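Step one of this worksheet: look at the structure below.
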Amino acid sequence: MKGSHLLLCLYSVTCWLSLMPAAENKIFHFGPCRISMSVTEIRSGFTAIKANIQARDPIRTLSILSHPQSLHKVKSSDRCCIIHNLFNFYMDKVFKHCQTEDSYINRKISSIANSFLSIKRKLEQCHNQNKCLCGQESTEKFKQILANYEGLNITSAAIKSLGELDILLDWMEKSR
44 MKGSHLLLCL
54 YSVTCWLSLM
64 PAAENKIFHF
74 GPCRISMSVT
84 EIRSGFTAIK
94 ANIQARDPIR
104 TLSILSHPQS
114 LHKVKSSDRC
124 CIIHNLFNFY
134 MDKVFKHCQT
144 EDSYINRKIS
154 SIANSFLSIK
164 RKLEQCHNQN
174 KCLCGQESTE
184 KFKQILANYE
194 GLNITSAAIK
204 SLGELDILLD
214 WMEKSR
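The sequence shown maps to residues 44 to 219 in this note's numbering.
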């Protein structure tokens, strides 16, 4: 009889915990879009490979994301557009061309990409509801990011963009 009470108690606690939102999930405000996500998992995966990825970056004099006009001073109304474009950019260009000979690094990159895909889907919903309008300023800022990226060969650009992921994560966390 005690065993069945213990099982019932464990089952109740498990159900209760599964219904609670993840403690790490936070609400991020990208203009009119509110996205619940955890940046902790992405940051943890990136921290594990950051030194390795940045050591592979052959060009230290150029930045893709921290160009003076890229992410700095983005108006609140343009945040949704720029983050939507950046997640598409990372999924379509960066993660597809970031392969190394190290399987551990590749698994971490894949894990980060999966997290991005999950967030990208949430951003897509907001974008499809026409809450994510792109103004001229956000369009110009994103064009600058693309120009910085496309000015390099595809592998170097992907490695550099991945190595700058902390710039994006820091900027996103300021959107809370």
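Every residue gets a Cβ at the ideal spot worked out from N, C-alpha and C, and that includes glycine.
The structure displayed is predicted, hence computed values, not measured ones.
Going by DSSP, Arg77 is part of the beta strand (DSSP E) stretching over 76 to 80. The C-alpha of Ser158 is placed about 27 Å away from the C-alpha of Gly178. Where His170 is concerned, there is no enclosing beta strand (DSSP E), although the alpha helix (DSSP H) around it starts and stops at 146 to 171. Note that the region 69 to 79 does not touch the region 129 to 137; fewer than 3 beta-carbon pairs, one per stretch, sit closer than 8 Å. Leaving aside the five residues that flank Trp214 on each side, the residues in its chain whose CB is nearer than 6 Å to its CB run, in chain order, Leu114. Collapsing the DSSP output to three states places His72 in a strand.
In this structure Glu180 is in contact with Lys118, their Cβ atoms being roughly 6 Å apart against a cut-off of 8 Å.
Judged by pairs of C-beta atoms under 8 Å, the region 157 to 177 does not touch the region 99 to 110, as fewer than three such pairs exist. Taking C-beta atoms as the reference points, Asp209 and Arg86 count as a pair closer than 9 Å.
Taking the Cβ atoms as the reference, Gly88 lies roughly 26 Å from Lys184, outside the contact range of under 8 Å.
Between Arg99 and Ile202, the C-beta spacing is below 9 Å.
When secondary structure is reduced to three states using DSSP, Gly88 falls in the helix class. In this structure, Tyr192 is the residue among Tyr192, Ser218, Gln187 with its C-alpha nearest to the C-alpha of His140. Pairing Glu207 with Cys124, the inter-Cα distance amounts to about 20 Å.
Taking the Cα positions, Cys175 is about 38 Å away from Glu144.
DSSP places Lys139 within a helical segment (H, G or I) once states are collapsed to three.
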